[in-house]
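For reference, the structure is listed below as structure tokens.
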Ligand code: PRT
Ligand code: MG
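Numbering (full-length UniProt numbering), first residue to last: 1 to 225.
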């Protein structure tokens with residue numbers, strides 16, 4: 001038995017759904033497969049084909065927390081989640097690679113028919129519901145628009161429909177959800193993709209195990225072999 005196999009496995013934190021699914025090809029490029037499916041299994045710790053790597057399945061917005069505190073050595077999280085996390089914990093995470101997965105855009109959207117441009121021109125104070133408070137605050141500050149931000153944890157699309165807010169700041173990929181709820185995109189704030197994040201102490205202490213995986217992810221996400 002090699003000394004490395006006596007170590008506890010490296011732990012990669014992922015959220016289920018699109019990030020898990022889009023990470024599987026990156027792991028495959030590193031020669032690693034995962035047999036259990038988090039959608040059907042209730043397990044939160046998943047073994048992989050490598051004794052040196054296990055996965056933990058957590059909420060998307062919790063991935064940076066697990067990695068920051070070293071409960072996971074590394075993880076994958078959207079730029080949206082990382083930006084909000086960094087508001088309270090600047091520089092806490094090493095973020096070596098944009099993996100270019102789970103791509104979408106952060107947008108301002110309003111009810112169809114609401115004249116957003118006129119409201120902005122007239123200097124109206126807007127009520128904006130969002131999960132992305134930091135990104136929203138900074139966006140409207142740059143535009144010089146006064147906003148009252150209302151923090152929500154999900155289903156932002158509902159807020160303008162029931163009079164909770166004039167606008168929302170939310171992620172959009174196909175636009176289908178906005179359309180189904182009679183909303184329209186009026187501004188793109190930024191493009192979003194997911195990044196690899198690494199615990200700084202793990203990189204120092206377990207670099208020999210981590211670096212080959214980081215390199216394989218970098219090659220795979222750059223479209224290489
Ligand atoms: O669902 P949960 O509350 O647990 O957390 P989460 O929504 O943060 O997790 P998840 O798995 O849905 O998203 C993980 C990451 O995927 C996000 O942090 C983003 O970086 C990225 N991503 C990519 C998206 C989308 N595309 C996306 N379309 N995250 C969310 N959406 C949602 C969006 O909020 C909206 O409700 O999908 C809806 C819009 O989709 P379209 O295709 O109808 O436009
Ligand atoms: Mg979601």
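Glycine is no exception: its CB is placed at the ideal position from the N, C-alpha and C atoms.
Contact check, residue i vs residue j, beta carbons under 9 Å
i: residue 132; j: residue 169; result: yes
i: residue 26; j: residue 73; result: no
i: residue 186; j: residue 109; result: yes
i: residue 87; j: residue 193; result: no
i: residue 105; j: residue 189; result: yes
i: residue 126; j: residue 140; result: yes
i: residue 229; j: residue 10; result: No statement about residue 229 is possible, as the shown extent of the chain runs from 1 to 225 and does not include it.
i: residue 240; j: residue 128; result: Because the chain here runs from 1 to 225, residue 240 falls outside it and cannot be looked at.
i: residue 130; j: residue 152; result: yes
i: residue 198; j: residue 93; result: yes
Distance, residue j Cα to residue i Cα
i: residue 89; j: residue 107; result: 24 Å
i: residue 218; j: residue 67; result: 19 Å
i: residue 212; j: residue 196; result: 13 Å
i: residue 33; j: residue 216; result: 14 Å
i: residue 183; j: residue 51; result: 48 Å
i: residue 99; j: residue 222; result: 8 Å
i: residue 76; j: residue 61; result: 10 Å
i: residue 57; j: residue 173; result: 23 Å
i: residue 220; j: residue 200; result: 23 Å
i: residue 124; j: residue 85; result: 30 Å
i: residue 7; j: residue 69; result: 19 Å
i: residue 65; j: residue 112; result: 37 Å
i: residue 138; j: residue 83; result: 11 Å
i: residue 122; j: residue 150; result: 21 Å
i: residue 47; j: residue 176; result: 35 Å
i: residue 97; j: residue 14; result: 15 Å
i: residue 41; j: residue 179; result: 33 Å
i: residue 49; j: residue 135; result: 38 Å
i: residue 45; j: residue 148; result: 40 Å
For residue i, the first and last residue of its enclosing beta strand (DSSP E)
i: residue 11; result: 10-14
i: residue 42; result: Per DSSP, residue 42 belongs to no beta strand (DSSP E) and is neither H nor E.
i: residue 57; result: 53-57
For residue i, the first and last residue of its enclosing alpha helix (DSSP H)
i: residue 19; result: 18-29
Contiguous beta strand (DSSP E) assignments of at least 3 residues, all confined to the UniProt domain "ATP phosphoribosyltransferase catalytic" (59-216): 74-78, 94-111, 126-130, 147-151, 167-172 and 183-198
Check your reading: residues with Cβ closer than 6 Å to the ligand PRT heavy atoms: 15, 17, 18, 19, 59, 60, 61, 78, 80, 81, 102, 104, 154, 170, 171, 172, 173, 174, 175, 176, 177, 192 and 194
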